[in-house]
Structures are given as structure tokens and as C-alpha cells.
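**Q** Okay, handing you the structure first.
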Amino acid sequence: MANIHIRRDHQLGLDGARKVAWKWAEHAESEFDMQCAYEEGDDTDVVHFNRTGAKGTLRVAADHFDLDAQLGFLLGAFKDRIESEIVKNLDELLEKKKKPATKSATGSKKK
4 MANIHIRRDH QLGLDGARKV AWKWAEHAES EFDMQCAYEE GDDTDVVHFN RTGAKGTLRV
64 AADHFDLDAQ LGFLLGAFKD RIESEIVKNL DELLEKKKKP ATKSATGSKK K
């Protein structure tokens, strides 16, 4: 059995992190045929995910994500590829969340 552990620090707060975690879970369900269950807590949430040959948790805190996954024998052969895909997806979601919303320019009026 192969194990994957990924930690990503962030500054989103728990509400912002929840939004990223929900999007991550939706992506895992649609792209990897995962079944995800989301449990909200007072200071930490947990996303449980599984499918044939893989299971794990994504812990969601105000300042970090911790993902632990266990891959069965067959998927274990693809550990590096699976890990890089998870990292890529989580990093993309965090990057999107960091970008500030664009505001309309309020330039000074010319007379």
C-alpha cells in the first residue's frame, strides 16, 4: 500500500478554506470518481474520500490543509502521478482564491 501526505499552508481563514475544500471535493468526485463526505467542525473540517483502491482524508483548518491518502496495490504503482495531480489541483484552487477581485477603476474626472 502506498501513502500520500500533502500539507499546504494558507491564509484564507476557515470560511475561505471551506470554499476551496468544497471545490476540491467536487473536482475529486467528477474527475476521479471519488465519493466524498464533508464534515464541518468548530475549528477543523474533514473531507473523507474513497473509491476502489484509494481512500483518505483532507483536513481543513483556518491556516492549512492536510491530505492523507492510502492507495491500494494497483493504484500504488501510479503514486507519483496521482500525488502530482492532487498537488496541482489543490495549488490551483489556492492560487485562484488568493487573487484579489478586480475592481473598476475610479479615475479622477478631467475638467
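Residue numbering for the sequence shown is 4 to 114, as defined by my numbering. Ideal Cβ placement from N, Cα and C applies to all residues, glycine included.
Report the residue ranges of all alpha helix (DSSP H) runs contained in full by the segment 28–114; include only those spanning at least 4 residues, in chain order.
**A** For the segment 28–114, whole alpha helix (DSSP H) runs of length 4 or above, ordered along the chain, are 76–79 and 82–101.
**Q** Report the partner residues of residue 183 according to the DSSP bridge assignment.
**A** The question about residue 183 has no answer here: the residues shown for the chain are numbered 4 through 114.
**Q** How many angstroms separate the CA atom of residue 31 from the CA atom of residue 51?
**A** For the purposes of this step, residue 31 is taken as the residue at position 28 of the sequence shown. For the purposes of this step, residue 51 is taken as the residue at position 48 of the sequence shown. Straight-line Cα distance between these residues: approximately 11 Å.
**Q** Flag this pair as yes or no: are the beta carbons of residue 70 and residue 56 separated by less than 7 Å?
**A** Indexing the sequence shown from 1 puts residue 70 at position 67. Indexing the sequence shown from 1 puts residue 56 at position 53. Against a cut-off of 7 Å, the Cβ pair of residue 56 and residue 70 comes out as no contact.
**Q** Near residue 38, what residues of its chain come up, given a Cβ to Cβ distance below 6 Å and the 5 sequence neighbours on each side ignored?
**A** Position 35 of the sequence shown, counted from the start, is the residue given in the question as residue 38. Hits under 6 Å: 53.
**Q** Among the residues of its own chain, which have a CB less than 7 Å from the CB of residue 16, if the five just before and after it don't count?
**A** Against the sequence shown, residue 16 aligns to sequence position 13. Excluding sequence neighbours, residue 16 sits near 65.
**Q** Buried or exposed: residue 68, going by 16 or more other Cβ atoms within 10 Å of its Cβ?
**A** Start at 1 with the first residue of the sequence shown, and residue 68 comes out as number 65. The residue is buried, with at least 16 neighbouring Cβ atoms inside 10 Å.
**Q** What residues in its chain sit with their C-beta under 7 Å from that of residue 36, if we drop five residues either side in the sequence?
**A** Along the sequence shown, read from residue 1 onward, the residue named residue 36 stands at position 33. So the list reads 54, once near-sequence residues are dropped.
**Q** Where does residue 18 sit, in a helix, a strand or coil, going by DSSP?
**A** Numbered from its first residue, the sequence shown carries residue 18 at position 15. Three-state DSSP puts residue 18 in a helix.
**Q** Looking at the strands, I want to know which residues DSSP matches up with residue 24.
**A** Position 21 of the sequence shown, counting from 1, holds the residue named residue 24. None, per the DSSP bridge assignment.
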